[in-house]
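Everything below concerns the one structure shown next.
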Amino acid sequence: MTSENPTDRSSLFRDVSFPLTIAILIMVGTLLVLLGLLLFPVNLGMIPFSPDGQLGLLMVVMAIQMMALGETPMGQYTRSWFLIAVGIAFAAMGVVSCIVPGVLTDLLRVLLGLLNIVGGGVLLTKRFFPLLHGTGTPPAGPLPPGLKNLMVTQTVLNIVAIAFGISMLVPGLVSGLVIAGVIVINGILLFALGGILLKLS
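Numbering of the sequence shown is given in UniProt numbering, commencing with residue 1 and proceeding in unit increments.
Structure below.
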């Protein structure tokens, strides 16, 4: 006789208590790590490559974050009809880029570059400018390890975003292998961020 107790079910099919934010971070991290790993054999000439497919995927990922979480390169905002409309526009451009190569390549490359540079710079400024100029409220004591890890991870993510944005705006500035490594690091950092947020929640 089989038990109806939910705790007796296989762990593979057991309900997962991840918040939506963590689930999206895991999905985006997985996509970025996979994309970065595929770019290594691409840059070694082992498999063919579609730049439009890469740009389209990144646009769709950004659109999902906007529409599901209100997460933008400039920070997190309350989801609004405007933000959802922007997300739909980004997703549409990503789909067109994947299906019709060459139509939006330059536009998406510049757009992604600017969004990553400006977004990373804005978030770094918001985090450190008040403290550097004494306008922020310094912590009463040492930061708890969880919050310290969160701040370090977010800071590195912002720096990686700026580096990726520069590589988008100035093709050939760094090798494709370096860009692949940056994308993999970005994905791994998202996994780390998800783990930290899960512990803090």
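Where a beta carbon is used, it is the ideal one built from N, C-alpha and C, also for glycine.
Is it a yes or a no for the stretch 176-196 touching the stretch 20-38, going by three-plus beta-carbon pairs under 8 Å?
yes
Stretch pair the stretch 63-71 + the stretch 97-115: three plus CB contacts closer than 8 Å
no
Buried or exposed: ASP52, going by 16 or more other Cβ atoms within 10 Å of its Cβ?
buried
Buried/exposed call for THR153, threshold 16 Cβ in 10 Å:
buried
Option in SER97, LYS126, ASN158, ILE179 with minimal Cα separation from LEU115
ASN158
Among ARG79, VAL96, LEU83, nearest to LEU57 - alpha-carbon criterion:
VAL96
When you compare the CB positions of GLY36 and ALA180, do they come within less than 8 Å of one another, or not?
yes
Report the CB separation of LEU189 from VAL156 in whole angstroms; it is logged as a contact under 8 Å.
6 Å
Classify ILE47: buried if its beta carbon has 16 or more other beta carbons within 10 angstroms, exposed otherwise.
exposed
Indicate the three-state DSSP secondary structure (helix, strand or coil) for PRO73 in the structure shown.
coil
Compute the beta-carbon to beta-carbon distance between GLY94 and VAL60, rounded to the nearest angstrom, for a pair I have assumed lies under 8 Å.
4 Å
With burial defined as no fewer than 16 other Cβ atoms inside 10 Å of the residue's Cβ, what is the status of ARG109: buried or exposed?
buried
Going by alpha carbons, who is nearest to residue 232 out of SER167, SER17, LEU44?
Outside the shown range of the chain (1 to 201) lies residue 232, about which nothing can therefore be said.
Rounded Cβ spacing between LEU169 and GLY119 (contact assumed at less than 8 Å):
Actually they do not touch by this definition, with Cβ atoms about 14 Å apart.
Inter-residue Cα distance where the pair is VAL182 and PRO41:
15 Å
Quick check: what's the CA-CA separation for ALA89 versus PRO145?
39 Å
Own chain residues within Cβ distance below 8 Å of SER175, not counting five before or after:
ASN43
Let me make sure I understand the geometry here. Which of GLY172, ARG127, SER80 has the alpha-carbon closest to that of LEU150?
ARG127
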